[in-house]
Amino acid sequence: AKVIGVLGNNDGDAHLLKSRFEDFGGELRGLFAEVRVDGLKIALLHGHLEELLKSLVESGGYQVVVHGHTHKAGARRVNGTLVVNPGEVCGYLSGKSTVAVLDTKTLEVRFLEL
Numbered sequence: 823a824k825v826i827g828v829l830g831n832n833d834g835d836a837h838l839l840k841s842r843f844e845d846f847g848g849e850l851r852g853l854f855a856e857v858r859v860d861g862l863k864i865a866l867l868h869g870h871l872e873e874l875l876k877s878l879v880e881s882g883g884y885q886v887v888v889h890g891h892t893h894k895a896g897a898r899r900v901n902g903t904l905v906v907n908p909g910e911v912c913g914y915l916s917g918k919s920t921v922a923v924l925d926t927k928t929l930e931v932r933f934l935e936l
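Here is the structure:
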């Protein structure tokens, strides 16, 4: 599977980060990415632009919205949209290194501690 990433509010050299993603076949798309997986329309964004995050979630245009920024792992539903925050891989702020795994058939989310 291809790794697709988006930039956050503390990412420095976007060109270097994009190059590093390309080194392993990944793709860094900037501040926002829209992807389709198994028929699902999924929005990916860091989430530091809170009004944008809120608008995407409430628009009903996406089955899934994935964001970070708060570094707090969790999943919730808002008017039928699944909203997922995978937490943080590094564990600096929360003390836990986590990722989220989404089952695209059942829309169940599992959080794995690394």
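Heads up: the sequence shown begins at 823 in this note's numbering, then just goes up one per residue. Beta carbons: idealized from backbone N, C-alpha and C, even for Gly. Small disclaimer: the values here were computed from a predicted structure and weren't measured.
**Request:** Just list the alpha helix (DSSP H) runs in the stretch 851-890, keeping only unbroken ones of 4 residues or longer that don't cross its boundaries, in chain order.
**Result:** 872-881
**Prompt:** Of the choices Arg-858, Gly-861, Ser-841, Lys-918, whose alpha-carbon is the least far from that of Gly-852?
**Reply:** Residue 852 sits at position 30 when you count from the first residue of the sequence shown. Comparing Cα-Cα distances from Gly-852 to each of Arg-858, Gly-861, Ser-841, Lys-918, the minimum goes to Ser-841.
**For Glu-880, the nearest candidate out of Gly-861, Gly-890, Gly-896, Leu-904 (CA to CA)** = Within the sequence shown, residue 880 is the residue found at index 58, counting from 1. It is Leu-904 whose Cα lies nearest to the Cα of Glu-880.
**Message:** Quick check: what's the CA-CA separation for Leu-875 versus Leu-915?
**Reply:** Taking the sequence shown and counting its residues from 1, one reaches residue 875 at position 53. Taking the sequence shown and counting its residues from 1, one reaches residue 915 at position 93. Approximately 21 angstroms between the Cα atoms of the pair.
**Item:** Contact under 8 angstroms by Cβ, His-848 with Ile-864
**Value:** Residue numbering aside, residue 848 sits at position 26 when the sequence shown is read from its first letter. Residue numbering aside, residue 864 sits at position 42 when the sequence shown is read from its first letter. Reading off the sequence shown, one finds Gly at residue 848, where the question assumed His. Result no, Cβ atoms of Gly-848 and Ile-864 do not sit closer than 8 angstroms.
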